[in-house]
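Quick note: the sequence shown uses the numbering used here, first residue 2, plus one each step.
For every residue, glycine included, the Cβ atom is placed at its ideal position computed from N, Cα and C.
Keep in mind the model is a prediction, meaning the values are calculated, not measured.
First comes the structure, then the notes that go with it.
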Amino acid sequence: MREKWLSVNWRELIIKTLMMLSYVSWIYLAIPASENGKIVGCGLLIIIFFFVIKMSMSEYLDGIVNKGKKTVFFISIIIALYYIGTYYYQSGEGVSVRRMSGMAVLEFPAIYLSVLYFTGNGKKMKKDEKIRRIFEKGQQVLPKCLGITAVLLLVIYSASYSIWFDETFTIGLIQHSYKELIYLTGRDVHPPLYYILLKGFTESIQFVLPQVPTIYLARLFSGIPYAFLLIFLLSMRKTIEDRLISDIMLLALCMPNFMDYGIEVRMYSLALVLIFFAYMTGYRIYYGYVQGWKQWIILAIVSLLSIYTHYYCGICVIAIYAFLFFKKLKTGELIRCLISGSILVIGYLPWLSILFTTLTSVSERTWPEAVSFKTIFESVWFLVGYYGTIIIVFPTVLWGIAAFRKSKKDNAYVLMGVLLPFLLMGLGELVSALYTPVWQKRYMVIAAGCMWFAVAQYVKELKSQGYQIRIISFMAVVGLIDLFVFARHEQVDKTAAAAVVKEILIENPDTTILTYDTEIAYSVSTAMNRKCILGAQIGPYLETIYSKNLEVHSEVSEEMLQKMKPVLILMKDTEDIQEDSDIKVINGVAFKKLR
Numbered sequence: 002m003r004e005k006w007l008s009v010n011w012r013e014l015i016i017k018t019l020m021m022l023s024y025v026s027w028i029y030l031a032i033p034a035s036e037n038g039k040i041v042g043c044g045l046l047i048i049i050f051f052f053v054i055k056m057s058m059s060e061y062l063d064g065i066v067n068k069g070k071k072t073v074f075f076i077s078i079i080i081a082l083y084y085i086g087t088y089y090y091q092s093g094e095g096v097s098v099r100r101m102s103g104m105a106v107l108e109f110p111a112i113y114l115s116v117l118y119f120t121g122n123g124k125k126m127k128k129d130e131k132i133r134r135i136f137e138k139g140q141q142v143l144p145k146c147l148g149i150t151a152v153l154l155l156v157i158y159s160a161s162y163s164i165w166f167d168e169t170f171t172i173g174l175i176q177h178s179y180k181e182l183i184y185l186t187g188r189d190v191h192p193p194l195y196y197i198l199l200k201g202f203t204e205s206i207q208f209v210l211p212q213v214p215t216i217y218l219a220r221l222f223s224g225i226p227y228a229f230l231l232i233f234l235l236s237m238r239k240t241i242e243d244r245l246i247s248d249i250m251l252l253a254l255c256m257p258n259f260m261d262y263g264i265e266v267r268m269y270s271l272a273l274v275l276i277f278f279a280y281m282t283g284y285r286i287y288y289g290y291v292q293g294w295k296q297w298i299i300l301a302i303v304s305l306l307s308i309y310t311h312y313y314c315g316i317c318v319i320a321i322y323a324f325l326f327f328k329k330l331k332t333g334e335l336i337r338c339l340i341s342g343s344i345l346v347i348g349y350l351p352w353l354s355i356l357f358t359t360l361t362s363v364s365e366r367t368w369p370e371a372v373s374f375k376t377i378f379e380s381v382w383f384l385v386g387y388y389g390t391i392i393i394v395f396p397t398v399l400w401g402i403a404a405f406r407k408s409k410k411d412n413a414y415v416l417m418g419v420l421l422p423f424l425l426m427g428l429g430e431l432v433s434a435l436y437t438p439v440w441q442k443r444y445m446v447i448a449a450g451c452m453w454f455a456v457a458q459y460v461k462e463l464k465s466q467g468y469q470i471r472i473i474s475f476m477a478v479v480g481l482i483d484l485f486v487f488a489r490h491e492q493v494d495k496t497a498a499a500a501v502v503k504e505i506l507i508e509n510p511d512t513t514i515l516t517y518d519t520e521i522a523y524s525v526s527t528a529m530n531r532k533c534i535l536g537a538q539i540g541p542y543l544e545t546i547y548s549k550n551l552e553v554h555s556e557v558s559e560e561m562l563q564k565m566k567p568v569l570i571l572m573k574d575t576e577d578i579q580e581d582s583d584i585k586v587i588n589g590v591a592f593k594k595l596r
């Protein structure tokens with residue numbers, strides 16, 4: 002017994018124990034304090050526990066390649082500070098400098114080890130054939146499986162009544178004629194293409210299947226751009242390099258926030274895919290993979306469609322054309338660039354005056370937060386913060402830039418792709434600071450496809466197969482986590498919404514539905530397609546948007562109430578309501594019937 006006790010490698014045991022404590026601290030900072038967050042955090046800790054137990058800490062830490070030691074240390078410090086900053090702004094409490102310093106010290110070893118392993122800067126790591134074989138097998142299967150699973154989940158969970166204000170606005174808008182839709186969109190903060198396509202899609206399907214709810218079809222429509230992207234990525238796997246890029250982009254479909262906006266009844270998934278194809282077409286032209294008029298015409302058409310989908314797409318398109326212009330400035334393709342750009346400008350002229358009118362009055366209809374360090378941190382967190390995604394992007398870009406310089410290749414266009422989401426954020430925050438708040442962090446999704454395509458180019462440039470395997474494996478883990486969280490969240494929302502909708506739709510059509518809550522009124526009149534009376538003031542523009550099924554009164558008198566009977570009154574649940582025996586409460590919505 003004494004011999005066994007003495008044979009224990011105490012240095013190794015202490016290092017592993019401290020490393021586990023460091024990972025606990027890091028996960029506490031990085032994972033949201035929600036039910037899903039707790040489940041994900043526990044799952045990660047179990048995986049990390051076996052990972053740490055298997056590793057020989059002393060050999061890994063002692064085997065750091067001297068050349069990469071400073072870079073790994075620098076990357077780890079930046080990531081540690083980033084997580085401290087996001088925790089500070091998201092905690093909603095006054096976190097002392099002392100506490101933040103302590104957290105930074107606690108989380109740093111875990112971040113350092115993760116970056117060290119991910120970038121393959123330990124001698125032992127490069128020789129670990131067992132782990133490499135496991136990763137290689139996973140690399141062959143996981144990207145395709147996860148990409149297909151992501152799209153299937155979007156289809157499955159499109160059959161849900163879960164909805165929030167922006168989505169009710171979309172459905173309310175497509176309840177109007179095409180002429181009215183275009184007119185009303187001209188007074189909104191987004192252009193009309195998405196709404197026109199959505200209206201055409203829902204009406205076409207309902208012509209054949211009239212019983213399918215509009216909300217189901219609208220949610221399904223948001224997943225269609227991802228389905229097209231999936232088919233494209235599965236068809237481009239001709240060479241080893243194409244397969245690598247395809248694998249990373251398939252996994253990008255599962256990255257945080259990709260899934261959420263692939264089912265939301267808004268234009269973000271369509272904008273993302275259009276800008277991705279515009280950027281990729283520009284990439285092929287920029288590096289000379291294709292020549293001729295065809296690609297320039299395709300670029301102009303796709304770019305024009307994207308700008309008619311979301312105004313922030315215009316910034317991406319300007320960046321793409323600017324890089325192509327300076328690249329082709331002294332070549333015979335400059336005339337093609339100018340003509341392609343002219344087609345784009347001419348195609349957008351009909352909407353240009355409406356855009357300027359919208360910008361002059363945008364502050365009257367939007368409610369984004371004013372610019373601050375908090376909004377900046379939250380925007381970056383939104384794109385690369387969840388589940389350690391920043392550990393994939395940041396080191397890969399730094400190593401990729403170095404690889405491009407080493408091979409003396411032009412890195413400018415690829416780097417632009419990585420920075421494009423942050424360019425959107427920077428310009429949006431700048432306008433918000435100087436003029437009026439016009440920035441929402443979800444707008445970064447528009448350029449997220451460009452960022453991951455650029456990351457894939459950097460990975461391709463890194464010739465080390467071990468590094469390529471690591472990034473795909475790490476992305477697969479993040480993708481699995483996000484698919485789990487997405488499915489669980491959607492299932493909870495679907496179940497909760499279904500119970501409320503069932504109670505409302507079983508009511509006789511002659512029953513008047515009355516509410517004083519705008520959120521309930523918008524949901525009933527759009528997602529449930531039922532006539533509803535709202536006792537509130539919402540302004541003439543919104544009254545017009547929801548006018549098909551919503552009747553608005555600033556006040557509802559007792560006399561009006563008597564004439565409406567039978568009446569179903571819907572309210573948000575409160576403690577006072579729960580004490581009333583005549584009221585039924587279902588998932589936060591109170592039902593009161595007046596016969």
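I need the boundaries of the alpha helix (DSSP H) containing residue 423, first residue and last residue. 413 to 435
Helix, strand or coil: how does DSSP classify residue 551 here? strand
Please state whether DSSP places residue 537 in a helix, a strand or coil. coil
Are the stretch 272 to 282 and the stretch 311 to 318 touching, with three or more C-beta to C-beta distances below 8 Å? yes
Compare the C-alpha of residue 508 against each of 216, 237, 519 and 571 and name the closest. 571
Using only the heavy atoms of the ligand GDP, determine whether one of them is closer than 7 Å to the beta carbon of residue 373. The ligand GDP is not part of the structure shown, which contains no ligands of any sort.
Return the chain-ordered list of same chain residues with a C-beta closer than 6 Å to the C-beta of residue 299, the five sequence neighbours on each side being excluded. 282
For the pair the stretch 164 to 172 and the stretch 511 to 528, tell me if three or more CB-CB distances fall below 8 Å. Contact check between the stretch 164 to 172 and the stretch 511 to 528: three or more CB pairs, one atom from each, fall below 8 Å, which counts as touching.
Could you tell me whether any Cβ in chain C is nearer than 8 Å to the Cβ of residue 504? Looking at the structure shown, chain C is missing, and only one protein chain is on hand.
Looking at the secondary structure, which residues open and close the alpha helix (DSSP H) in which residue 323 lies? Boundaries of the alpha helix (DSSP H) around residue 323: 314 to 328.
Whole angstroms is fine: what's the gap from residue 468's alpha carbon to residue 42's? Computed Cα separation, rounded: 26 Å.
Note down the Cα distance separating residue 12 from residue 18, rounded to an integer number of angstroms. 10 Å
At 4 residues or longer, what runs of the alpha helix (DSSP H) sit wholly inside the stretch 191 to 277? 194 to 209, 215 to 236 and 241 to 253
Bridge partner(s) assigned by DSSP for residue 586: 591
What residue does the beta strand (DSSP E) around residue 571 start on, and which one ends it? 568 to 573
If we count the other Cβ atoms within 10 Å of its Cβ and call it buried at 16 or more, is residue 434 buried or exposed? exposed
Looking at residue 595: is its Cβ nearer than 8 Å to the Cβ of residue 549? no
Considering only the beta carbon of each residue, do residue 294 and residue 337 sit closer than 8 Å? yes
Between the C-alpha atoms of residue 111 and residue 50, what's the straight-line distance to the nearest angstrom? 12 Å
Since residue 515 sits in a beta bridge, which residues does DSSP pair it with? Note: residue 515 sits in a beta bridge opposite 534 and 570.
Which class does residue 126 belong to by DSSP, given the choice of helix, strand or coil? Annotation note: pLDDT 46 at residue 126 (below 50); position unreliable, coordinate value reported separately. Helix.
Once DSSP output is grouped into helix, strand and coil, what is the label at residue 86? In the structure shown, residue 86 sits in a helix (DSSP, three-state: H, G or I).
For residue 249 and residue 155, which I take to be in contact (beta-carbon distance under 8 Å), what is that distance rounded to the nearest angstrom? Taking a contact as a CB-CB distance under 8 Å, the pair residue 249 and residue 155 does not count as one, their CB atoms being some 20 Å apart.
Same chain, Cβ closer than 6 Å to residue 195, neighbours up to 5 away in sequence not counted: 268, 271 and 310
Taking 8 Å as the limit between beta carbons, can you name the residues of its chain near residue 203, skipping five residues before and five after? 175, 215, 218, 219 and 222
Out of 500, 503 and 536, point me to the one whose CA is closest to residue 516's CA. 536
Could you tell me the boundaries of the alpha helix (DSSP H) in which residue 297 lies? Note, residue 297: alpha helix (DSSP H), 294 to 308.
Would you tell me roughly how many angstroms separate the C-alpha atoms of residue 419 and residue 397, rounded to the nearest one? 11 Å
When we look at the beta-carbon of residue 447 and count the other beta-carbons within 10 Å, is it buried (16 or more) or exposed? buried
Between the alpha carbons of residue 179 and residue 197, how many angstroms are there, rounded? 7 Å
Assign residue 379 to one of three DSSP states: helix, strand, or coil. helix
Whole angstroms is fine: what's the gap from residue 414's alpha carbon to residue 324's? 7 Å
Report buried or exposed for residue 482, applying the criterion of at least 16 other Cβ atoms within 10 angstroms of its Cβ. Residue 482 comes out buried.
Do you know how far the Cα of residue 436 is from the Cα of residue 162? 37 Å
Figure out for me which residue from 76, 332, 484 and 345 has the closest Cα to the Cα of residue 322. Ranking the options by Cα distance to residue 322, first place goes to 345.
Only counting runs of 4 or more residues, tell me where the alpha helix (DSSP H) segments fall wholly within the stretch 331 to 361, in order along the chain. Listed in chain order, they are 335 to 361.
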